[in-house]
Structure formats: structure tokens, C-alpha cells
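Be aware that the sequence shown starts at 1, since it is given in UniProt numbering, and climbs by one per residue.
Glycine included, each C-beta is placed from N, C-alpha and C at the ideal position.
All values derive from a computational prediction rather than experimental measurement.
What follows is a single structure, written as C-alpha cells, with notes after it.
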Amino acid sequence: MRFKVPKQQPESFRASALYLAGLVKGLSPDRVEFVERRNLHTDEPRAAAAVMDATARQSARCKQPAYHFIITFDPKDAAAGKVTQEVKRKVADKVIEQMGLTEHQVLVYSHKDTDHPHMHFLVNRIHPSRHVAYDRHQDGRRLTGITMELAKEFGLNVLRNREYDRQLGRDREDQGLLPTDADYWQARRDGRQFRSRFDEEEVTYLRETLYDDFRGARSWDDLGERLAARGITLERKGQGMVLTDGEREAKLSDMGKGVRFHVLEERFGEDFDDYMTRRAAEIARADRQPGEQIDTRDLDDAERRTVAGFIAEEPRADMADFAVRQFDDADMDLRYWSQIEASYRSAAGKVRYAERQQAFNEKQEGRDQTWLAKRSRTLDDILAKIYRDGGKARTLWDALEEKHGILDAERMIEENPFILGAVRGIRMGETRSAARKEAKRYFRYLAERRRKWRDAVNRLEHTRAEIERARRRVAQAVRDYELLREIAGTPEALRDTVLEKIRARARALSHVTERAIQQANLSDERRKQMHRAWRQAKERRLEQERKHERGRPFGLDLNLFDE
């Protein structure tokens, strides 16, 4: 399997649909094996393109709503009978789902006119109800992972490139997919540990396990408690959200149709960022943080008696069970502070993004003003060629549009050019009807320049409105960031807090045994997470001991010389 995202993207839904359907000169409809459609009532190219065009016009900002990419199959797979129509349809379904295009209008054309079977995806980037554009950022990286996973699932050949080999290089069953380059370097810049990604099987298991939790939750607090019982927490990342077990993560959109960031916010009636600000305030006000653990090695006699009293009050509890609960509290406390840290980064990112948008729109205003001045000059030039007083003609045209509207004003001028004043070019002996005919001949050019001038005016007004909205977004983002900063402290203070939580978790983990984890009264998912953390900590300790042994002279035990 291969994929291709053509550098030259379509400018027209209609032209692309007719070409893919083989309905243009030089092609035949016989090239089409089958057509699939999504969120369209018809797959007839002209009708479907008209619907997609109408949807695309609902967005004023997206200049290129048509999106086209290709999935190609290896000819060897086709010769072996692996590339059937059923396989192609399943691949198309999964590609659309994993690309996040299930709610968009899509036409899929399967072609059989070459020795390598392939499918064309013609997508409307504009969402049919929200009217926002699908983000194509790193679509090549997404398609790389999708084609690799689908090739593995259907037993098809795939190009072995460096990205493929890197992602296959997993030497531990619980390592998961490696992070993307962007995630890795962003984690390095933030000074935090990067996380791997859940593999496809783990994502499927999470989706099935958490199905009832996502659909049954009634608030962010309710959802957080349900997920925490399974050792999962939600964190902000970029423009969306991820689920994490502390070491690996998965996108929220991977949890199935209907589990979307904006859908959850609408259902709960609260923005997640506002919820995390409230959550951070609650944690900061608590007299005792959930992760403030008691290390019995550093306790005095009175404190040890307190711990002993706790164990005595709960007959079924012993030190092993107490240690597991200590680690559980410390781990979830670290997760809570990691959530706050992620929200902090998200808030800072929103400020930077809003400021960049404001700066871009302010630069765009200058370009739009220059463009408007150019269009205004060309309009004045053609008015001056037709009318003796071009300035007066333009003023009269403005008045007609204001009184009768744009279309009626154009119709009135076309029918009677003298409504804007005396026309130039009436030579000796020439009748008024001849001058009218000459003016009407120029009207097509005049109306076109007037429309381009009007478009330039609208573009400038739109940019100025965007500048005002950007300023409001900057002010709101700065207020949100400052509020979170007041609660969580400076970035350095927050980082110190997270590091302390990491140390507290490590101390608590050092008291836990494998048997205690197996016998703990926890969910299966939580026990697996604890056991993985315990095993990895044990591996790190053994590695440190081996390094320490290698550092001794001749590998001898130095304690022997003390005897």
C-alpha cells in the first residue's frame, strides 16, 4: 500500500468529480470500479459537487476547501487476489475514520484502469454543520501511520521507509508506538518526559472499555473519577485532548464517534480549561495534597504509632496494602499536577497563538489596503474613459447601490448608462443611441471592475473585524493564563512541584511488592499499570546496580577489603 497527497490540490469540486468519474474528454467511465459516498445524498458527480460547493461557501476563510489524496495498492497484491472490492471498501472506511473525516462530505472513486489498483478520495474540508475547515497539518504523517497499520491488518505490502522501520523498532511489548518527532522535541523544549502512544490494539481495548464511561458521565468531575478508577486521566494537548496512563497516550478522537472535545464541553456545559482552572484552585486550597505521602523510614515514634493505629483500625489492611494505596495516591496526585501543567502549557500556547493571529491580521490589513487602493484606481480609470466626469459617476453609482441594492443598481445602469452622467465619445453627427450602445458595450468591463473593488472592500472589512476578534482573543487568553498562574505559580514553581510529586511517587513505589499489587483491590487496568511501573522501576534499579558494579576495580566487591 502507498499513499499520495498531490501537491496541486483541486480548485473545483465539479471538475475533479467529473474527471475522477471519467466523464471528461479522453476518459471513459469504465475506469471506475465503484464509487463510495459519505454525508451526501447522491454520488452523481455534478449533483454531489453542487452540494459540496454549497457547503464550502458557508466558510468565508477557507480558500481551498477541496482536498484530494490517493491510496494505491501493490500490483503484486492485486495479482495474488488480495485487493478485492470488499478489501478496498474496508480500507476506505478505515482511512476516512482514522483521518477524522467521518462527518465530512467525501467521494471515493476506485479505479481499475492501471496495473496498480488505487482509490481517489475527494473531500470537502468544510464541516457540513460547524462550517470549520479540516486541518491538513501533517496529513502525510497521519497517512503514513494509517497505511502501515492497514497493510499489516489486511496482509498487504507496504513501502519500507525510515519512518516505518522506526515505528516497528519496539523491543518491549509495553513500549507502544514511539512518539512523533514533533511530540519528542516539544517534550524536550518543555523539559518533560515524552510519552509513547498506545498501539492499535490498546486503543481498541480502551475504546471498548471506556465506552460506558464517556457516554454515562454527566460532568468533567464525573468523567475524571470514572477514568481515574481505571488509571486514566485526561490532558490538554494542542487544540485537543489526550488520554494517558502516565507513560502512554491516545487521542480523544480515537475513542470512537461522538467522543469529541467540543461535544463533551457542550454536554457538560463547561469548558475543560475552566474546569482545570477550578480543579487547580481546589488542589491548591487543600490542606493536605493527595500525594503527600508518609515515608515510614523518616517517621518519629509518635508518627509510627499513628501508622500502626491506621493499620490496626482496618483488620484487612497490612503494610503491603498500605504501600500499594500510598503509591496509588502518589501516582494519581502526580497525574493531577501533570494535568495542571498540561493546561498551563495549553494556556501559554493559546496566548502565543492569539498574538500570532493578531500580528498576521494586522499585516494583512496593510496588504488589503494596498489591494483596495489598486482596485479603486482601476475602477476610476474605466469610469473616466466612459464618462466625462468619472468622479461624479462613481458617486451616483454609490448612491444607487445604497438606495436600490447592488443587483438592481447594476441592472439600472446597464439599461440606461446615462443615469451616471454624460458619456464620452459622442462625435460630430453621432446619435445618442450610438453613444448608449457604446457605453453598454463597455458595461461588462465596468461591472467586473466594480465587483473586484467591492470584493476588496469586503476583504478589508473582514480583516479589520478579524483584528478586533483577535485582540479580544488575546485579552481573554492572557486573562486565563494569568488566572492559572496565580493558582499554580510561576512555570519554575510549577515544575518544582511536579518534580517533587515525581520523587514522592518514586518513594512510594520503592515500598511496593509484586505480590501486593496482584492482591490489591483495584481494577484490572490499574493493576496492570502498577505492575508495569513496578517492573520498569526494578529494571532501572538493576541497570544502576550493574553500572555501579562495572565502575568498581576488577569487578571486586569493595566490602571484602573492610574485613
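Legend entry - Residues bridged to residue 611 [DSSP beta-bridge criterion]: No statement about residue 611 is possible, as the shown extent of the chain runs from 1 to 563 and does not include it.
Inset, instruction - Please look up how many angstroms separate the CB atoms of Leu-143 and Val-5, rounded, as I've assumed it's under 8 angstroms. - result: For this step, residue 143 is matched to residue 143 along the sequence shown. For this step, residue 5 is matched to residue 5 along the sequence shown. Right, the Cβ-Cβ distance comes to about 7 angstroms (below 8 angstroms), so this counts as a contact.
Legend entry - Rounded straight-line distance, which links the Cα of Leu-101 to that of Gly-81: On the sequence shown, residue 81 is found 81 positions in, with the first residue counted as 1. On the sequence shown, residue 101 is found 101 positions in, with the first residue counted as 1. Those two C-alpha atoms are separated by around 29 angstroms.
Inset, instruction - Compute the distance between the beta-carbons of Pro-65 and Asn-124, then report whether it is under 7 angstroms. - result: Against the sequence shown, residue 65 aligns to sequence position 65. Against the sequence shown, residue 124 aligns to sequence position 124. Closer than 7 angstroms, so yes.
Inset, instruction - List the residues that DSSP assigns as beta-bridge partners of Phe-34. - result: In the sequence shown, the residue the question calls residue 34 occupies position 34. Note: Phe-34 sits in a beta bridge opposite Ser-110.
Inset, instruction - Give me the Cα-Cα distance between Glu-539 and Arg-278, rounded to the nearest whole angstrom. - result: Residue numbering aside, residue 539 sits at position 539 when the sequence shown is read from its first letter. Residue numbering aside, residue 278 sits at position 278 when the sequence shown is read from its first letter. Per the coordinates, the alpha-carbon of Glu-539 lies some 38 angstroms from the alpha-carbon of Arg-278.
Inset, instruction - Give me the Cα-Cα distance between Ala-464 and Arg-473, rounded to the nearest whole angstrom. - result: Counted from its first residue, the sequence shown places residue 464 at position 464. Counted from its first residue, the sequence shown places residue 473 at position 473. According to the sequence displayed, residue 464 carries Arg and not Ala. Rounded to whole angstroms, the gap between the alpha carbons of Arg-464 and Arg-473 is 14 angstroms.
Legend entry - Sufficient close CB pairs (3 or more, under 8 angstroms) joining the segment 130-148 to the segment 45-53: No, because fewer than three Cβ pairs between the segment 130-148 and the segment 45-53 fall closer than 8 angstroms, the two stretches do not touch.
Legend entry - First through last residue of the alpha helix (DSSP H) which encompasses Ala-47: Looking up residue 47 in the sequence shown gives position 47. Segment 45-56, the alpha helix (DSSP H) holding Ala-47.
Legend entry - Same chain, Cβ closer than 8 angstroms to Met-99, neighbours up to 5 away in sequence not counted: For the purposes of this step, residue 99 is taken as the residue at position 99 of the sequence shown. Sequence-distant Cβ neighbours of Met-99 in its own chain, meaning closer than 8 angstroms and more than five residues away, are Asp-139, Arg-142, Leu-143, Ile-146.
Legend entry - Burial state of Arg-546 (16 or more Cβ within 10 Å): In the sequence shown, residue 546 corresponds to position 546, counting from 1. With fewer than 16 other CB atoms across the displayed protein chains lying within 10 angstroms of its CB, Arg-546 is exposed.
Legend entry - Simplified DSSP state of Ile-487, which is helix, strand or coil: Taking the first residue of the sequence shown as 1, we reach residue 487 at position 487. Reduced to three states, the DSSP call for Ile-487 is helix.
Legend entry - Helix, strand or coil at Ser-129 [DSSP, three-state]: Residue numbering aside, residue 129 sits at position 129 when the sequence shown is read from its first letter. Coil at Ser-129, not helix or strand.
Legend entry - Coarse secondary structure for residue 567, derived from DSSP in three states: As displayed, the chain neither begins before 1 nor continues past 563, which places residue 567 out of reach and without an answer.
Legend entry - For Ile-517 and Val-324, believed in contact at Cβ under 8 angstroms, the rounded distance: The count along the sequence shown starts at 1 and reaches residue 324 at position 324. The count along the sequence shown starts at 1 and reaches residue 517 at position 517. Confirmed, Cβ separation roughly 6 angstroms.
Inset, instruction - Express the C-alpha separation of Asn-458 and Phe-443 in angstroms, rounding to a whole number. - result: As a first step, residue 443 must be located in the sequence shown, where it is residue number 443. As a first step, residue 458 must be located in the sequence shown, where it is residue number 458. Between Phe-443 and Asn-458, the C-alpha separation is close to 22 angstroms.
Inset, instruction - Starting from Glu-266, follow the beta strand (DSSP E) in both directions and report where the run begins and ends. - result: Indexing the sequence shown from 1 puts residue 266 at position 266. From DSSP, Glu-266 is part of no beta strand (DSSP E) but of the alpha helix (DSSP H) over 261-268.
Inset, instruction - For Ala-21, name the three-state secondary structure that DSSP assigns. - result: Walking along the sequence shown from the start, residue 21 turns up at place 21. Ala-21: coil per DSSP, three-state reduction.
Legend entry - Beta bridge counterpart(s) of Thr-244 as assigned by DSSP: Counting from 1 along the sequence shown, the entry for residue 244 is found at position 244. In the DSSP assignment, Thr-244 forms a beta bridge with Thr-233, Glu-249.
Inset, instruction - Take every Cβ of the segment 494-501, pair it with every Cβ of the segment 335-342, and state whether three or more of those distances are shorter than 8 angstroms. - result: yes
Inset, instruction - Report yes if the CB atom of Arg-68 is closer than 7 angstroms to the CB atom of Pro-10, and no otherwise. - result: Here residue 68 refers to the residue found at position 68 when the sequence shown is read from its first residue. Here residue 10 refers to the residue found at position 10 when the sequence shown is read from its first residue. Per the sequence shown, the amino acid found at residue 68 is His instead of Arg. Yes, Cβ-Cβ distance for His-68 and Pro-10 is below 7 angstroms.
Inset, instruction - Grab me the residues of Trp-453's own chain with a C-beta within less than 7 angstroms of its C-beta, minus the 5 sequence neighbours each way, in chain order. - result: Along the sequence shown, one-based indexing puts residue 453 at 453. Cβ neighbours of Trp-453 beyond the five flanking positions: Arg-375, Ser-376, Leu-379.
Inset, instruction - Using beta-carbon positions only, say whether Ala-280 and Phe-198 come within less than 7 angstroms of one another. - result: Numbered from 1 along the sequence shown, position 280 holds the residue referred to as residue 280. Numbered from 1 along the sequence shown, position 198 holds the residue referred to as residue 198. At the C-beta level, Ala-280 and Phe-198 stay beyond 7 angstroms of one another.
Inset, instruction - Go ahead and label Asp-298 buried or exposed: buried means 16 or more other beta carbons lie within 10 angstroms of its beta carbon, across all protein chains shown. - result: Position 298 of the sequence shown, counted from the start, is the residue given in the question as residue 298. Confidence at Asp-298 is low in this model, with a pLDDT of 43, below 50, so its placement is unreliable and the value that follows should be read with caution. An exposed status is given to Asp-298, since fewer than 16 other beta-carbon atoms sit within 10 Å of its beta-carbon.
Inset, instruction - For my contact list, Glu-202 and Glu-149 are in at a C-beta cut-off of 8 angstroms; report their separation, rounded to the angstrom. - result: Start at 1 with the first residue of the sequence shown, and residue 202 comes out as number 202. Start at 1 with the first residue of the sequence shown, and residue 149 comes out as number 149. Incorrect: roughly 13 angstroms between the Cβ atoms, too far for contact.
Inset, instruction - Note down the Cα distance separating Val-83 from Ala-520, rounded to an integer number of angstroms. - result: Sequence index remark: in the sequence shown, residue 83 carries index 83 (1-based). Sequence index remark: in the sequence shown, residue 520 carries index 520 (1-based). Those two C-alpha atoms are separated by around 49 angstroms.
Legend entry - Opening and closing residue of the alpha helix (DSSP H) in which Arg-136 lies: Mapped onto the sequence shown, residue 136 falls at position 136. From DSSP, Arg-136 is part of no alpha helix (DSSP H); its letter is neither H nor E.
Legend entry - Val-423 (DSSP reduced to helix, strand or coil): Locating residue 423 in the sequence shown gives position 423, where the first residue counts as 1. Val-423: strand per DSSP, three-state reduction.
Inset, instruction - Tell me whether Arg-279 sits in a helix, a strand or coil according to DSSP, three-state version. - result: If you number the sequence shown from 1, residue 279 lands on position 279. Reduced to three states, the DSSP call for Arg-279 is helix.
Inset, instruction - Quick one: which unbroken alpha helix (DSSP H) runs of 4-plus residues sit fully inside the segment 378-413? Chain order, please. - result: 390-404
Legend entry - Residues near Leu-383 by beta carbon distance below 6 angstroms, same chain, minus five either side: The residue labelled residue 383 in the question sits at position 383 within the sequence shown. Around Leu-383: Gly-390, Ala-393, Arg-394.
Legend entry - When Asp-221, Gly-421, Gln-544, Gly-22 are compared against Asp-113, the one with the closest alpha-carbon: Counted from its first residue, the sequence shown places residue 113 at position 113. When each option's Cα is compared against that of Asp-113, the closest is Gly-22.
Inset, instruction - Hey, could you find the ends of the beta strand (DSSP E) Arg-2 is sitting in? - result: If you number the sequence shown from 1, residue 2 lands on position 2. Its beta strand (DSSP E) spans residues 2-4.
Legend entry - Distance, Gly-421 Cα to Glu-401 Cα: One-based indexing of the sequence shown puts residue 401 at position 401. One-based indexing of the sequence shown puts residue 421 at position 421. Spanning the two alpha carbons is a distance of roughly 16 angstroms.
Legend entry - Opening and closing residue of the alpha helix (DSSP H) in which Val-87 lies: For the purposes of this step, residue 87 is taken as the residue at position 87 of the sequence shown. Per DSSP, Val-87 belongs to the alpha helix (DSSP H) from 85-98.
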